[in-house]
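Chemist: Chains as they are written, first to last, in the UniProt record's numbering: chain Z, 1 to 159; chain H, 1 to 159.
Ideal Cβ positions, reconstructed from N, Cα and C, are used throughout, including at glycine.
Number of protein chains: 2
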Amino acid sequence: MTHTTESARAVTAPGPRLTDEIGLETALVRLSHVVQRVFGEVSRDHDLTAQQAQLLCRLVDGPVGMADLGRMLDLEKSSLTGLVDRAEKRGLVVRTRSNTDRRVYQISLTSDGLQVGTATHDGVIARLGELLGDIDEPEREQLTARITRMIAAAEDHRR
Amino acid sequence: MTHTTESARAVTAPGPRLTDEIGLETALVRLSHVVQRVFGEVSRDHDLTAQQAQLLCRLVDGPVGMADLGRMLDLEKSSLTGLVDRAEKRGLVVRTRSNTDRRVYQISLTSDGLQVGTATHDGVIARLGELLGDIDEPEREQLTARITRMIAAAEDHRR
DNA sequence: TATTGTTATACTCTATAACTATA
DNA sequence: TATAGTTATAGAGTATAACAATA
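(1) In angstroms, rounded to a whole number, what distance separates the CA positions of D68 (chain H) and Q106 (chain H)?
(2) What are the partner residues of A65 (chain Z), as DSSP defines its beta bridges?
(3) Assuming V60 (chain H) contacts T118 (chain H) under a Cβ cut-off of 8 Å, what Cβ separation, rounded to an integer in Å, is found between them?
(4) Which term fits G82 (chain H), buried or exposed, when burial requires 16 or more other beta carbons within 10 angstroms of its beta carbon?
(5) Between the C-alpha atoms of I125 (chain H) and L48 (chain Z), what's the straight-line distance to the nearest angstrom?
(6) One question on the structure: do residue 160 (chain Z) and C57 (chain Z) come within less than 9 Å of each other, judged by their Cβ atoms?
(7) Alpha carbon to alpha carbon, what distance is there between G113 (chain H) and G62 (chain H)?
(8) For V29 (chain Z), which three-state DSSP category applies?
(9) Looking at the structure shown, is R97 (chain H) part of a helix, part of a strand, or coil, going by DSSP?
(10) Measuring CA to CA, which of Z:Q115, Z:L28 and Z:I147 is closest to S43 (chain Z)?
(11) Could you confirm whether any beta carbon from chain H is found closer than 9 Å to the beta carbon of E76 (chain Z)?
(12) Note the first and the last residue of the continuous alpha helix (DSSP H) segment covering D85 (chain Z).
(13) For R146 (chain Z) and L143 (chain H), which I take to be in contact (beta-carbon distance under 8 Å), what is that distance rounded to the nearest angstrom?
(14) Can you look up L24 (chain Z) in the DSSP assignment and give me helix, strand or coil?
(15) Under a three-way DSSP split, which group does V148 (chain Z) fall into?
(16) At 9 Å on the CB atoms, spell out the chain H contacts of R140 (chain Z), in chain order.
(17) Note down, in chain order, each residue of its chain lying with its Cβ closer than 8 Å to the Cβ of R30 (chain H), except the 5 sequence neighbours on either side.
(18) Can you name, in chain order, every residue of its own chain whose Cβ lies under 8 Å from the Cβ of L128 (chain H), other than the five neighbours on each side?
(19) Cβ atoms of M72 (chain H) and V104 (chain H): under 9 Å apart, would you say?
(20) With a threshold of 16 other CB atoms inside 10 Å of the CB of T100 (chain Z), please say whether the residue is buried or exposed.
(21) When we look at the beta-carbon of E137 (chain H) and count the other beta-carbons within 10 Å, is it buried (16 or more) or exposed?
(22) With C-beta atoms as the reference, is G91 (chain Z) less than 9 Å away from T110 (chain Z)?
(23) Give the C-beta separation of S79 (chain Z) and S32 (chain H) to the nearest angstrom, bearing in mind that I take them to be a contact with Cβ-Cβ under 8 Å.
(24) Where does D74 (chain Z) sit, in a helix, a strand or coil, going by DSSP?
(25) Buried or exposed: where does A154 (chain H) fall if 16 or more other Cβ atoms within 10 Å of its Cβ makes it buried?
(26) Give the residues of chain H in contact with A154 (chain Z), contact being defined as C-beta atoms less than 8 Å apart.
(27) At a Cβ cut of 8 Å, what residues of the stretch 103-118 of chain H count as close to chain Z, listed as they run along the chain?
(28) If I follow the unbroken alpha helix (DSSP H) through I125 (chain H), where does it start and stop?
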């Protein structure tokens, strides 16, 4: 370590390019960005941020407590408090005290929240369908299976 | 429309659950979140935000001007200014005036930026590889091809 | 003591609008 | 005029730490 102070100089990459002949893992990263972008655009069309849309989608199956919601969305509880605050202020969700455990708040959709949430969800599905183009049923099923396995692996793997 | 004012009431979903027997499109959304989480965790291991890591990865192939970088990262120019500001303050990148067009700044990696950028990149690839498990070569290639087509479709489709 | 949730605080990220400088 | 980039401003999203209430 003879030159730790010269780090503010420009440097050019020596190794192989990241972008040539992209591998599957790199493709997955790119795809993830594409999906995020679609999600963001459709959300915006419905006057939502991507995170708000995400929140609404998680509530479509029924009310969820803050703690569970935080686990679903992978958010710290204080972050979720803010997200729910803003969504509530916009009339998309409501907090209701649980009867059985008076510490917990059940978060539910308002009719507005349900409407805009499902609209966003459907819009995202439609756009992704377009990106998939015409993919035959066997490949569709194989792909779904592979992705499902990856998601399950991530769930196990979860730190 | 006789009751537009009662939107602040909780509502339960009537339709089919979003989570039962998930389709390919939904699986893609979930996968996207998994990839984002992996990206964020690995970035954090290297003391970067996901966006900073993304920035560094885009610079590994060599210097890029702000405008091109903005297009690559899908960011408004002012957003990019801030991102680059913070990265520069942290000694990860440098701004250099172009000689040919004196309006443009070329953004390049410092040796620090290159090191931590490639480390993050490699870490992400490794973690995604784990999630893929043992996938045989034909399926790997088919998957890569499918995803590549989707990315290309998104590129065309781009508003 | 452990869990649920909020508040206080500090950053990062992002966009819109107005601006400067160069082409 | 058009393009490259910055500044000013405002809001959303996030985490950490400290706190209150309930279990």
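Modeler: Let me lay it out:
(1) What you label residue 68 (chain H) is simply residue 68 of the second sequence in a count that begins at 1. What you label residue 106 (chain H) is simply residue 106 of the second sequence in a count that begins at 1. So the two alpha carbons sit approximately 10 Å from each other.
(2) Numbered from 1 along the first sequence, position 65 holds the residue referred to as residue 65 (chain Z). Reading off the sequence, residue 65 (chain Z) comes out as Gly, not Ala. Per DSSP, Z:Q106.
(3) As a working mapping, residue 60 (chain H) is identified with position 60 in the second sequence. As a working mapping, residue 118 (chain H) is identified with position 118 in the second sequence. Confirmed, about 6 Å.
(4) In the second sequence, counting from the first residue as 1, residue 82 (chain H) sits at position 82. So G82 (chain H) ends up on the exposed side.
(5) Counting from 1 along the second sequence, the entry for residue 125 (chain H) is found at position 125. Counting from 1 along the first sequence, the entry for residue 48 (chain Z) is found at position 48. Looking at the two C-alpha atoms, the distance is approximately 32 Å.
(6) Because chain Z in this structure spans residues 1 to 159, residue 160 (chain Z) falls outside the shown range and cannot be described.
(7) Taking the first residue of the second sequence as 1, we reach residue 62 (chain H) at position 62. Taking the first residue of the second sequence as 1, we reach residue 113 (chain H) at position 113. Going by C-alpha positions, G62 (chain H) is about 12 Å away from G113 (chain H).
(8) In the first sequence, the residue the question calls residue 29 (chain Z) occupies position 29. In this structure, V29 (chain Z) counts as helix in the three-state DSSP scheme.
(9) Residue 97 (chain H) sits at position 97 when you count from the first residue of the second sequence. Shown here, R97 (chain H) sits in a strand according to DSSP, grouped into three states.
(10) As a working note, residue 43 (chain Z) is residue 43 in the first sequence. Selected option, being the one with the closest Cα: Z:Q115.
(11) Along the first sequence, one-based indexing puts residue 76 (chain Z) at 76. Cβ-Cβ to chain H under 9 Å: no for E76 (chain Z).
(12) Locating residue 85 (chain Z) in the first sequence gives position 85, counting from the first residue. Residues K77 to K89.
(13) One-based indexing of the first sequence puts residue 146 (chain Z) at position 146. One-based indexing of the second sequence puts residue 143 (chain H) at position 143. With a Cβ gap of about 7 Å, R146 (chain Z) and L143 (chain H) count as contacting.
(14) On the first sequence, residue 24 (chain Z) is found 24 positions in, with the first residue counted as 1. Residue state, collapsed to three classes: helix.
(15) Locating residue 148 (chain Z) in the first sequence gives position 148, where the first residue counts as 1. In the sequence as displayed, the identity of residue 148 (chain Z) is Thr instead of Val. Three-state result, T148 (chain Z): helix.
(16) Working through the first sequence from its first residue, we reach residue 140 (chain Z) at position 140. Those are G23 and L24, listed as they occur along chain H.
(17) Numbered from its first residue, the second sequence carries residue 30 (chain H) at position 30. Cβ neighbours of R30 (chain H) beyond the five flanking positions: I22.
(18) As a position in the second sequence, residue 128 (chain H) is number 128, starting the count at 1. Within the same chain, L128 (chain H) has close Cβ partners V35 and V38.
(19) One-based indexing of the second sequence puts residue 104 (chain H) at position 104. One-based indexing of the second sequence puts residue 72 (chain H) at position 72. Contact flag unset, no.
(20) For the purposes of this step, residue 100 (chain Z) is taken as residue 100 along the first sequence, with counting starting at 1. Sixteen is the threshold: since fewer than 16 other Cβ atoms of the shown chains lie within 10 Å of the Cβ of T100 (chain Z), the residue is exposed.
(21) The residue you call residue 137 (chain H) lines up with position 137 of the second sequence. Looking at its Cβ environment, which holds fewer than 16 other Cβ atoms inside 10 Å, E137 (chain H) is exposed.
(22) Along the first sequence, one-based indexing puts residue 91 (chain Z) at 91. Along the first sequence, one-based indexing puts residue 110 (chain Z) at 110. Result yes, Cβ atoms of G91 (chain Z) and T110 (chain Z) sit closer than 9 Å.
(23) Position 79 of the first sequence holds residue 79 (chain Z). Position 32 of the second sequence holds residue 32 (chain H). Here S79 (chain Z) is actually not in contact with S32 (chain H); their C-beta atoms are around 19 Å apart, not less than 8 Å.
(24) For the purposes of this step, residue 74 (chain Z) is taken as the residue at position 74 of the first sequence. D74 (chain Z) carries a coil assignment under DSSP once its states are collapsed to helix, strand and coil.
(25) Counting from one through the second sequence, the residue named residue 154 (chain H) turns up at place 154. Looking at its Cβ environment, which holds 16 or more other Cβ atoms inside 10 Å, A154 (chain H) is buried.
(26) Here residue 154 (chain Z) refers to the residue found at position 154 of the first sequence. Within chain H, the residues V34, R37, V38 and L131 have their CB atoms less than 8 Å from the CB of A154 (chain Z), given in chain order.
(27) Near chain Z, meaning a CB-to-CB distance below 8 Å, the residues of the stretch 103-118 of chain H are S108, L109, T110, S111, D112, G113, L114 and T118.
(28) Here residue 125 (chain H) corresponds to residue number 125 of the second sequence, with the count starting at 1. From DSSP, the alpha helix (DSSP H) with I125 (chain H) extends over S111 to L132.
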